[in-house]
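Using the working numbering, the letters of the sequence shown map in sequence onto residues 480 to 764.
Each remark here refers to the structure printed beneath this line.
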Amino acid sequence: MKLCIDLGATNVKGALVRNGTIVETASSPTLHFHGREGILSSLARTSDALFSEGVSEVCVSSAGDIDRETGICTYATGNLEDFTGFDFPAYYGERYGLPCHAANDGYCALLGELRFGAGRKFPTANIAMLTLGSGVGGAYAPGGVPDATKSSGAGKLGHLILHEDGLPCNCGKKGCIEQYLSGRAINRLANRFGLENDTLFSAFRAGDERAKKVFAVVAAELDAALRLIDAACPFDVCILGGGVVEGIGESFGALQANVSKQIVAAELGNRAGIFGAYCLTEDFS
Ligand SMILES: [Zn+2]
480 MKLCIDLGAT NVKGALVRNG TIVETASSPT LHFHGREGIL SSLARTSDAL
530 FSEGVSEVCV SSAGDIDRET GICTYATGNL EDFTGFDFPA YYGERYGLPC
580 HAANDGYCAL LGELRFGAGR KFPTANIAML TLGSGVGGAY APGGVPDATK
630 SSGAGKLGHL ILHEDGLPCN CGKKGCIEQY LSGRAINRLA NRFGLENDTL
680 FSAFRAGDER AKKVFAVVAA ELDAALRLID AACPFDVCIL GGGVVEGIGE
730 SFGALQANVS KQIVAAELGN RAGIFGAYCL TEDFS
């Protein structure tokens, strides 16, 4: 049985997974405003709530750049303040005496979708994945095999420059995809049209004219982002995941109709990181 952790900017989610089935879950808010100390207290709270004698290893999906080989966070943006340099295997080795594997959340989400979700229909295609949540993560699997070097947070797909000299990003660059397609960015845009946070897609379904305008802008930004990603990582299908896509729900077809590349909705929802972490090692017991 594996203890699987999904460390995001908003929550630290965890699950015990046995034979591909989630048997128990826990979650706590990520206290990122207190720097590394806050993040670690959240990580410990979720992990300790689940840890038991039957756990054989810890697998972590984390925001930021995580070295797939060493499990060390090589770069974290302001979403996980002061987390650069954090060593997941050393932390869990000391805490529980167990081996630990860690990778970037974009990479893990794709790994999970390929094995348990939307990717199963396209076993040999060139697949890209874009996760639209608090931030924007991306991952790439040419021929259905995830490429760790092209699947990461900062400096990778979510931070390709969509608009030259555009909105400042917390990675230090300007005009990144994340500044136009993250949940926060979409809320910001919707607010300008008089819509409350997280009401865009329900308003769109209800036929609200303001929501239709915002939706059209989001679709155009997504189309431009997909072209940009295709130039860097040529893909046949892009799996779209994250909280934004869950919010879109049945309007996903309207989004598909407005972009030129083939897109499909992720199927694992907020469990993608957990299942992806579970897939980091080949022992599926
Ligand atoms: Zn950026």
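Ideal Cβ placement from N, Cα and C applies to all residues, glycine included.
Nearest to Gly585 by C-alpha distance, out of Tyr571, Glu503, Gly514, Asp546, is Asp546. Relative to Arg750, the option among Lys481, Asp485, Thr553 whose CA is nearest is Asp485. Here DSSP, grouped into helix, strand and coil, assigns Ala528 to helix. With fewer than 16 other Cβ atoms inside 10 Å of its own Cβ, Thr500 counts as exposed. With a cutoff of 7 Å on beta-carbon distance, Val491 and Cys483 are scored as not near each other.
If you check the CB distance, Ala588 and Gly720 come in under 7 Å. Taking 8 Å as the upper bound for CB-CB distance, Leu747 and Glu503 are not in contact here, some 18 Å apart.
A Cβ-Cβ contact shorter than 7 Å links Leu639 with Leu707. A heavy atom of ligand 1 is found nearer than 6 Å to the CB of Lys652.
Between ligand 1 and His642, a heavy atom-to-CB distance of less than 6 Å is absent. For His513, the distance from the CB to the nearest heavy atom of ligand 1 is not below 6 Å. Runs of the alpha helix (DSSP H) lying entirely within the stretch 622 to 707, each at least 4 residues long, are 657 to 660, 662 to 671, 679 to 684 in chain order. Apart from the 5 residues on each side of it in sequence, Asp644 sits with its Cβ closer than 8 Å to the Cβ of Lys653, Gly654 in its chain, given in chain order. With a 10 Å radius around the Cβ and a threshold of 16 neighbouring Cβ atoms, Ala618 comes out buried.
In the displayed model, Cys712 falls within coil according to three-state DSSP, outside both helix and strand. Placement of the Cβ of Cys655 at a distance of less than 6 Å from at least one heavy atom of ligand 1 is found. Rounded to whole angstroms, the Cβ separation of Ile656 and Leu674 is 22 Å, and the two are not in contact under 8 Å.
Straight-line spacing of the CA atoms in Ile742 and Phe512 works out to 35 Å. Distances from the CA of Gly637 to each of Leu522, Gly616, Glu729 were compared; the closest alpha carbon is that of Gly616. Straight-line measurement puts the Cα of Ala488 at about 7 Å from the Cα of Ser613.
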